[in-house]
Amino acid sequence: MFSNESRDSDAAPAGRAEPRHPCACRACTRASPASLAFLTEIFCLCSKLRHIIDEMVTTEREYVRSLCYIIESYFPEMERLDLPQDLRGKRSVIFGNLEKLYDFHSQYFLRELESCCNHPLRGCLFLLQKDQFGMYALYSKNKPKSDSLLASHGNTFFKFKQVQLGDKMDLASYLLKPIQRMSKYALLLKDLIKECSEAQEQELGYLRAAEEMVKFQLRHGNDLLAMDAIRDLTICHRVPASAPQSAGSAPVVGRAPRPCTVPPGQIERLGCWHQ
Numbered sequence: 013m014f015s016n017e018s019r020d021s022d023a024a025p026a027g028r029a030e031p032r033h034p035c036a037c038r039a040c041t042r043a044s045p046a047s048l049a050f051l052t053e054i055f056c057l058c059s060k061l062r063h064i065i066d067e068m069v070t071t072e073r074e075y076v077r078s079l080c081y082i083i084e085s086y087f088p089e090m091e092r093l094d095l096p097q098d099l100r101g102k103r104s105v106i107f108g109n110l111e112k113l114y115d116f117h118s119q120y121f122l123r124e125l126e127s128c129c130n131h132p133l134r135g136c137l138f139l140l141q142k143d144q145f146g147m148y149a150l151y152s153k154n155k156p157k158s159d160s161l162l163a164s165h166g167n168t169f170f171k172f173k174q175v176q177l178g179d180k181m182d183l184a185s186y187l188l189k190p191i192q193r194m195s196k197y198a199l200l201l202k203d204l205i206k207e208c209s210e211a212q213e214q215e216l217g218y219l220r221a222a223e224e225m226v227k228f229q230l231r232h233g234n235d236l237l238a239m240d241a242i243r244d245l246t247i248c249h250r251v252p253a254s255a256p257q258s259a260g261s262a263p264v265v266g267r268a269p270r271p272c273t274v275p276p277g278q279i280e281r282l283g284c285w286h287q
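Add 12 to the 1-based position in the sequence shown for my numbering, that's all there is to it.
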């Protein structure tokens, strides 16, 4: 049994502060209610930033899987002996530079995003790969040609593979993934900027520049497509200046112009892909 003296020694002497909890930090125990509220706000902010970057990483993994699925499932179809004549040699038209996009995201960008889980404000990652993201403008430029070829010859041919895979989505839907991904980057970067403190001036600058870079690539795809449309229209209406035309003679007809590759309204539809 313990003596009264022993029990008394266990009690805290009068006037002496109770010992702090071993997990309590000095800042928290001495913080005023206002300071505690500020720390709570900072914690919530960090949680929001972590949630956004987690979503970016998760959706990036899904995106890479989708690109890999297209390559493994549909690229071999272009080597089939019964491939329609109009599709032969047209892999680059149907798929554009999708394989290069897959190489970039699977071998580099996904890994870099995963390394950002503890540093969610590293918007400079996008800026360092500005040239690589330029591939998306080229993909957007090619997309109308891909759509046209699929609509005229490809959808029926690739439908058999879709049924064989038991997939509810057709190839045309999968080929929208790269453009949808760029739009998703823009939204997630906007969310990061919204949650970023003005005190984090450098990081905020990187994020804003990254958001503008992504939006530029989306616009640039439209610009390249519009330039092609203007060039085609110019060729369609051009009359050779070297051919003299006498009075009363029939109009001079030059060589048949190549058909315009961008149907009416196609540029507007490209804008809808970014929604």
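Heads up, the beta-carbon is just placed ideally off N, CA and C, and yes, glycines get one too.
The continuous stretches of alpha helix (DSSP H) do not include alanine 163, and DSSP gives it neither H nor E. If you compare the alpha carbons of Leu93, Met68 and Lys173 with that of serine 127, the shortest gap goes to Met68.
Taking C-beta atoms as the reference points, leucine 187 and isoleucine 82 count as a pair closer than 9 Å. DSSP places leucine 204 in the uninterrupted alpha helix (DSSP H) bounded by 189-207. Contact annotation, leucine 204 with valine 226: C-beta distance approximately 12 Å; criterion of less than 8 Å not satisfied. Within the model, the alpha-carbon separation for cysteine 58 versus lysine 112 is close to 35 Å.
Straight across, the Cα-Cα distance linking glycine 135 with glutamine 119 is about 19 Å.
Uninterrupted alpha helix (DSSP H) stretches at least 4 residues long and entirely within the stretch 70-111 occur at 103-107, given in chain order. The Cβ atoms of aspartate 182 and phenylalanine 172 do not sit closer than 9 Å to each other. Annotated as distal: leucine 162 and isoleucine 242, with beta-carbon spacing of 9 Å or more.
The shortest CA-to-CA distance from glutamine 144 to any of Arg73, His117 and Gly108 is the one to His117.
For lysine 180, the three-state secondary structure derived from DSSP is coil. Secondary structure note for arginine 123: its alpha helix (DSSP H) is the uninterrupted segment 122-126. Here glutamate 215 carries a helix assignment [DSSP, helix/strand/coil]. Out of Asn154, Val175, Asp94 and Leu140, the CA that lies nearest to the CA of leucine 219 is found in Leu140. For cysteine 129, there is no enclosing alpha helix (DSSP H), since its DSSP letter is neither H nor E. The Cβ atoms of serine 85 and leucine 177 lie closer than 9 Å to each other.
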